[in-house]
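*Asks:* Residues in the sequence shown are numbered from 1 upward in steps of one, following my numbering.
Note that CB positions come from ideal geometry on N, CA and C, so glycine has one too.
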Amino acid sequence: MSRLLKLGLPKGSLQEATLDLFAKAGFHFIVRERSYFPSIDDDEISAILIRAQEMARYVEQGAFDCGLTGKDWIIETGATVIEVADLVYSKSSMRPVRWVLAVPESSDIQSPKDLEGRRIATEVVNITKAYLNKHNVHAEVEYSWGATEVKPPELADAIVEVTETGSSLRANKLRIVDTVLESNTKLITNEKAWNDAWKREKIENIAMLLQGAINATGKVGLKFNILRCNLKALVPKLPALRNPTVSPLSSEEWVAVEIIVEEKQIRMLIPELKRAGAEGIFEYEITKLIY
1 MSRLLKLGLP
11 KGSLQEATLD
21 LFAKAGFHFI
31 VRERSYFPSI
41 DDDEISAILI
51 RAQEMARYVE
61 QGAFDCGLTG
71 KDWIIETGAT
81 VIEVADLVYS
91 KSSMRPVRWV
101 LAVPESSDIQ
111 SPKDLEGRRI
121 ATEVVNITKA
131 YLNKHNVHAE
141 VEYSWGATEV
151 KPPELADAIV
161 EVTETGSSLR
171 ANKLRIVDTV
181 LESNTKLITN
191 EKAWNDAWKR
201 EKIENIAMLL
211 QGAINATGKV
221 GLKFNILRCN
231 LKALVPKLPA
241 LRNPTVSPLS
251 SEEWVAVEII
261 VEEKQIRMLI
271 PELKRAGAEG
281 IFEYEITKLI
291 Y
């Protein structure tokens, strides 16, 4: 009997970054215009695009066996799910995002205590209320349906909004008072799927490959040949995950060296290798790196 894993993919701002990550991990989706049912080159996976805000609840209820959503939406919805893997990527970077308390640049609000009796607009009402309770502050928290940055000062005294770089907040003349929550994407599942041996192995395989794709981001492989007599002095200077791989060549005087390095190091490293006597230097892309 054929087996099928029901996978939930985030629709919206995280969609493109998620599909790119899956492609690097070896899973290629095709999303047709206005379709919420992407096709995939794996007959064991059935995928649906759904808003990240709803994902944890649907995984908890068993509508999906697993899915990707943010830590923020797991907390906001209070869903009981199993967190399989931390996947630190976001819409435009490989960093976590932050939910921040922000106010107009001219506001007299300087700390959470200054929110007493004020109005806060946000999409994460429960997270914001928990933050206020932690600071023993009483304020009105209202749900924002969008365009949250434009609401202060006329429609709200402050907002709690998600940001990667803070550029949108600065463009709207807002300043950050405090970080309410740091969040990143997570691969989640439910107890029923996790207790199914086949589904668990499939989910673990997906998690491993996705994490491998994240690990490989910004890294490249580098190979070169060098005289054996020059190797000892060169090895301590080589950046590498652990130790470089050194292989003998047909000529006993020469060896081949292979390393994985940050791509930004290449522009300095290749000229140094050439000056040290390296030959046949070539750089190659890596899409997955499993530690």
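(1) Express the C-alpha separation of Tyr36 and Ala121 in angstroms, rounding to a whole number.
(2) Give the single residue among His28, Glu33, Ala56 whose Cα lies nearest to the Cα of Asp43.
(3) Assuming Ser183 is part of the alpha helix (DSSP H), what are its boundary residues?
(4) Taking just the CA atoms, how far does Glu16 sit from Lys6?
(5) Pull up the distance between the alpha-carbon of Thr165 and that of Val177, whole angstroms please.
(6) Which whole-angstrom value describes the C-beta separation of Val180 and Tyr131, a residue pair presumed to lie in contact below a C-beta threshold of 8 angstroms?
(7) Under DSSP, the alpha helix (DSSP H) around Arg34 begins and ends at which residues?
(8) So, are the CB atoms of Gln53 and Glu83 less than 9 angstroms apart?
(9) Mind checking which residues open and close the alpha helix (DSSP H) that includes Val125?
(10) Going by C-alpha distance, which of Arg118, Phe22, Gly146, Ile188 is nearest Arg63?
(11) Mind the definition here: the segment 193-209 touches the segment 110-129 only if three or more C-beta pairs lie below 8 angstroms; say whether that holds.
(12) Hey, Asn215 and Tyr284 are a contact pair by Cβ (cut 8 angstroms); roughly how many whole angstroms apart?
(13) Let me make sure I understand the geometry here. Which of Leu249, Glu262, Val261 has the alpha-carbon closest to that of Gly280?
(14) Answer yes or no: do Ser90 and Thr148 have a C-beta to C-beta separation smaller than 9 angstroms?
(15) Is the distance from the Cβ of Pro10 to the Cβ of Gly78 below 9 angstroms?
(16) Which residues in the same chain as His138 place their Cβ atom closer than 8 angstroms to its Cβ, once the five residues preceding and following it in sequence are excluded?
(17) To the nearest angstrom, how far is it from the Cα of Thr245 to the Cα of Ala171?
(18) Find out if the Cβ-Cβ distance for the pair Ile226, Val255 is shorter than 9 angstroms.
(19) In angstroms, rounded to a whole number, what distance separates the CA positions of Leu210 and Asp20?
(20) What does the Cβ neighbour count give for Lys264, buried or exposed, with the cut at 16 atoms within 10 Å?
(21) Which class does Thr148 belong to by DSSP, given the choice of helix, strand or coil?
(22) Whole angstroms is fine: what's the gap from Thr287's alpha carbon to Ser107's?
(23) Let me make sure I understand the geometry here. Which of Pro239, Asn230, Ser39 has the alpha-carbon closest to that of Ala278?
(24) How would you write the range of the alpha helix (DSSP H) that Asn205 sits in, first residue to last?
(25) Please tell me whether Glu182 and Val124 are closer than 9 angstroms, where the distance is taken between their beta carbons.
*Replies:* Taking the coordinates as given:
(1) Here residue 121 is taken as the residue at index 121 of the sequence shown, counted from 1. Here residue 36 is taken as the residue at index 36 of the sequence shown, counted from 1. So the alpha carbons of these two residues sit roughly 30 angstroms apart.
(2) As a first step, residue 43 is located in the sequence shown; it is residue number 43 there, counting from the start. Relative to Asp43, the option among His28, Glu33, Ala56 whose CA is nearest is His28.
(3) As a working mapping, residue 183 is identified with position 183 in the sequence shown. Boundaries for Ser183: no alpha helix (DSSP H) harbours it, while the beta strand (DSSP E) harbouring it runs 174-183, taken from the DSSP string.
(4) Here residue 6 is taken as the residue at index 6 of the sequence shown, counted from 1. Here residue 16 is taken as the residue at index 16 of the sequence shown, counted from 1. Approximately 20 angstroms between the Cα atoms of the pair.
(5) Translated into positions along the sequence shown, residue 165 becomes position 165. Translated into positions along the sequence shown, residue 177 becomes position 177. Distance between the alpha carbons of Thr165 and Val177: 15 angstroms.
(6) In the sequence shown, residue 180 corresponds to position 180, counting from 1. In the sequence shown, residue 131 corresponds to position 131, counting from 1. In this structure Val180 touches Tyr131 by the C-beta definition: roughly 5 angstroms separates them, less than 8 angstroms.
(7) As a first step, residue 34 is located in the sequence shown; it is residue number 34 there, counting from the start. Per DSSP, Arg34 is not a residue of any alpha helix (DSSP H), being assigned neither H nor E.
(8) Start at 1 with the first residue of the sequence shown, and residue 53 comes out as number 53. Start at 1 with the first residue of the sequence shown, and residue 83 comes out as number 83. For the 9 angstroms CB-CB criterion, Gln53 and Glu83 do not form a contact.
(9) On the sequence shown, position 125 is the one that residue 125 refers to. Where Val125 is concerned, the enclosing alpha helix (DSSP H) stretches over 125-134.
(10) Within the sequence shown, residue 63 is the residue found at index 63, counting from 1. The sequence as given places Ala at residue 63; Arg does not occur at that position. Comparing Cα-Cα distances from Ala63 to each of Arg118, Phe22, Gly146, Ile188, the minimum goes to Ile188.
(11) Verdict: no, contact absent.
(12) Residue mapping note: residue 215 aligns to position 215 of the sequence shown, counting from 1. Residue mapping note: residue 284 aligns to position 284 of the sequence shown, counting from 1. Not confirmed; about 16 angstroms, so no contact.
(13) By 1-based counting over the sequence shown, the position of residue 280 is 280. Looking at the Cα atoms, Leu249 is the closest of the given residues.
(14) Position 90 of the sequence shown, counting from 1, holds the residue named residue 90. Position 148 of the sequence shown, counting from 1, holds the residue named residue 148. For Ser90 and Thr148, no; Cβs fall outside 9 angstroms.
(15) In the sequence shown, residue 10 corresponds to position 10, counting from 1. In the sequence shown, residue 78 corresponds to position 78, counting from 1. Result no, Cβ atoms of Pro10 and Gly78 do not sit closer than 9 angstroms.
(16) Taking the first residue of the sequence shown as 1, we reach residue 138 at position 138. So the list reads Glu116, Gly117, Leu132, once near-sequence residues are dropped.
(17) Here residue 245 refers to the residue found at position 245 of the sequence shown. Here residue 171 refers to the residue found at position 171 of the sequence shown. Distance between the alpha carbons of Thr245 and Ala171 is about 49 angstroms.
(18) Position 226 of the sequence shown, counting from 1, holds the residue named residue 226. Position 255 of the sequence shown, counting from 1, holds the residue named residue 255. Ile226 is a Cβ neighbour of Val255, given a cutoff of 9 angstroms.
(19) Within the sequence shown, residue 210 is the residue found at index 210, counting from 1. Within the sequence shown, residue 20 is the residue found at index 20, counting from 1. Taken atom to atom, the span from the alpha-carbon of Leu210 to that of Asp20 is near 10 angstroms.
(20) For the purposes of this step, residue 264 is taken as residue 264 along the sequence shown, with counting starting at 1. When all chains shown are included, Lys264 counts as exposed.
(21) By one-based count along the sequence shown, residue 148 stands at place 148. The answer is helix: DSSP assigns Thr148 an H, G or I state.
(22) The residue given as residue 287 occupies position 287 in the sequence shown. The residue given as residue 107 occupies position 107 in the sequence shown. Those two C-alpha atoms are separated by around 47 angstroms.
(23) Within the sequence shown, residue 278 is the residue found at index 278, counting from 1. Among Pro239, Asn230, Ser39, the Cα nearest to that of Ala278 belongs to Asn230.
(24) Within the sequence shown, residue 205 is the residue found at index 205, counting from 1. Per DSSP, Asn205 belongs to the alpha helix (DSSP H) from 197-216.
(25) Your numbering for residue 182 matches position 182 in the sequence shown. Your numbering for residue 124 matches position 124 in the sequence shown. Cβ distance not < 9 angstroms, so Glu182 and Val124 don't count as in contact.
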